[in-house]
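In what follows, a structure is listed as structure tokens, so that the remarks can point back to it.
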Amino acid sequence: MIRRLAREVALQALFQIDFTGNEVEQAVDAALDEHEELHPEAAVDKALDQHKELGAASARNYVKKYSMVLVNGVVENKEAIDATLNSCATDWTVERMPATDRNILRVAVFEMRHEKPALAAGVAINEAVEIAKAYGTEESPRFINGVLGKLARK
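Quick note on numbering: numbering that gives the first Met the number 0 labels position 91 of the sequence shown as 90, and the sequence is numbered without any gaps.
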């Protein structure tokens with residue numbers, strides 16, 4: 000749950016970066032604050048239920064740190080990630096995708112292909128689909144599952 004929270008914060012930060020040009024840390028801080036304000040049921044304190052060994056400050060720091068890894072990773076590998084997505088998204092280009100779907104996919108591709116150690120494809124796909132259910136359109140989960148499933152089979 001704590002990593003999903005970090006992924007959600009990363010999604011929001013990437014969305015901000017796309018539209019405002021904010022710096023990574025500024026975008027992550029703003030996204031984390033906004034996420035806690037808008038989604039108190041998913042806030043860091045709730046994530047502590049599964050991670051009791053962390054204190055509240057440590058949990059927030061962990062979420063911020065992993066969100067920063069994801070956002071920096073996507074930003075630094077954006078061209079390669081977008082090329083991968085363009086090769087897997089039939090009849091779609093990254094530029095035409097809704098911003099939310101595009102950034103959910105970018106985070107998942109980063110975790111599957113660029114992060115060391117790489118996240119297992121099944122886990123990355125499941126996380127992306129669950130986040131798409133919360134933040135995307137009605138069609139987003141199926142679209143994201145299809146694109147990432149194609150990537151996993153490559």
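Glycine included, each C-beta is placed from N, C-alpha and C at the ideal position.
Of the choices the options, whose alpha-carbon is the least far from that of residue i?
i, options, result
"Met0", "Glu126, Arg152, Gln15", "Glu126"
"Arg59", "Ala30, Ser86, Asn21", "Ala30"
"Leu13", "Pro116, Asn144, Pro97", "Pro97"
"Asn71", "Ser86, Val23, Asp100", "Val23"
So what's residue i in DSSP terms, helix, strand or just coil?
i, result
"Leu4", "helix"
"Gly135", "coil"
"Pro116", "coil"
"Lys149", "helix"
"Asn144", "helix"
"Gly20", "coil"
"Leu47", "Confidence at Leu47 is low in this model, with a pLDDT of 48, below 50, so its placement is unreliable and the value that follows should be read with caution. Coil at Leu47, not helix or strand."
Does the distance from the CB of residue i to the CB of residue j come in under 8 Å?
i, j, result
"Val122", "Val62", "no"
"Leu118", "Glu110", "yes"
| Which ranges does the beta strand (DSSP E) cover as unbroken runs of at least 3 residues, wholly within the region 61-107, from first to last along the chain? | none
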